[in-house]
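First comes the structure, then the notes that go with it.
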Amino acid sequence: MSALILDDDHIDFLVSAVVEYSVRRGDDVAARTWTELGRLMLRENYRSVDYRYKDSGSPGWPDGELGLWESYRYRSVEPAQLDPVQTIKVVQCYQYQSCEHPGWGDSEAKRVTDRLLDRAIERLSGMNEAAWVWRRPAPAASPANPAGRVAAALPDPELTGEVVSVIRAIREVAGLPANHPERHRVMEWKRDVLARAEAFQETLGTTTPPIHRAAEPPPAHTL
C-alpha cells in the first residue's frame, strides 16, 4: 500500500463531519478543541507515511518533537457539503492513508472515524426503509406454483415456508401405501401446520382463499 499526507481541507472535512453528525468522542478527545482534534487526526496520517517510507528516505517526524501537524488550524466546512456519500469517501481515504503504522488500530483517530463512518452510512438514502432481516420475495402465485399460492393466502414468511415444506413432503410420500409410517407422519404434520395457518388467517380476518385450498398440491400431471 502507498500513503500520502492529506491536506488541511481533507482534515477540515473530517472534523466538520464529526460536528455535523454528532459523533461521540472518547473522554480523552472530548475536551479537545476542533483544531486539536484535527491535529490528532493529521498526526496519525504523518505517522503512517513516516512508517511506510522509513526505509526509503522519508523526512521522519519524531513523536517527541514538534510535528508538522501542529501548524494545522481548523476551518469549518459548510454542512451542505457534508453529504453521506462524500463523507464515507473522505473517511475511507483518511483511514487508508493513516493505517500503515502499528499504533493505528488502537488510536483515537481510528475510533472517531469508525463512528463517523457508521453515522454516515445510517444517513444514506433508503437506509431507514431497507429491510433489517432480508428474505427473498414471495414467488408469484400460479396454479402450478404451490409456494406462490400459499404466499398469496398466508402473508407470514415462516408459516408459508412450513406449508410449502409439507406440500413437498406429501409429494415425496405419494407413492407409499396408505398405512406406511412415513406417510402417516407427513399427514399428521400437514394437519398440524394447516391448523396453525388457518388460525393465523382468522386472527387477520383475511378474505383470501382458505389456506387448505392453497396448500393442496396440483394433480401430478401439472407438476
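Residue numbers for the sequence shown follow my numbering, so the first one is -6 and each next one is one higher.
Every residue gets a Cβ at the ideal spot worked out from N, C-alpha and C, and that includes glycine.
Note that the structure is predicted; figures quoted are calculated from it, not measured.
Nearest-angstrom Cβ-Cβ length linking ARG32 and GLU13, presumed shorter than 8 Å: In fact, because the Cβ distance is near 19 Å, the residues do not count as touching under 8 Å.
Straight-line gap, LYS103 to LEU109 (C-alpha atoms, nearest Å): In this structure, the alpha-carbon of LYS103 lies about 10 Å from that of LEU109.
Same chain, Cβ closer than 8 Å to ALA171, five either side skipped, listed in chain order: Apart from the 5 residues on each side of it in sequence, ALA171 has no Cβ closer than 8 Å to any other Cβ in its chain.
For ALA113 and VAL186, the rounded distance between their alpha carbons: 44 Å
Beta-carbon proximity list for LEU7, same chain, < 8 Å, skipping 5 on both sides: GLY31, MET34, VAL83, VAL84, TYR87, THR106, LEU109
Whole-Å CB distance - ARG40 paired with GLY96, under 8 Å assumed: 7 Å
Delimiting residues of the alpha helix (DSSP H) encompassing ASN121: Segment: none, ASN121 is in no alpha helix (DSSP H) and carries neither H nor E.
Residues of its chain near TRP182, where Cβ-Cβ distance is below 8 Å and the 5 sequence neighbours each way are ignored: VAL159, ALA162
Per-residue burial, SER15 [other beta carbons within 10 Å of its own, 16 or more giving buried]: exposed
Classification of SER69 by the beta-carbon crowding that lies within 10 angstroms, buried from 16 upward: exposed
Heavy atom of the ligand COA within 7 Å of THR28 beta-carbon: What this structure holds is no ligand at all, so the ligand COA is not there to describe.
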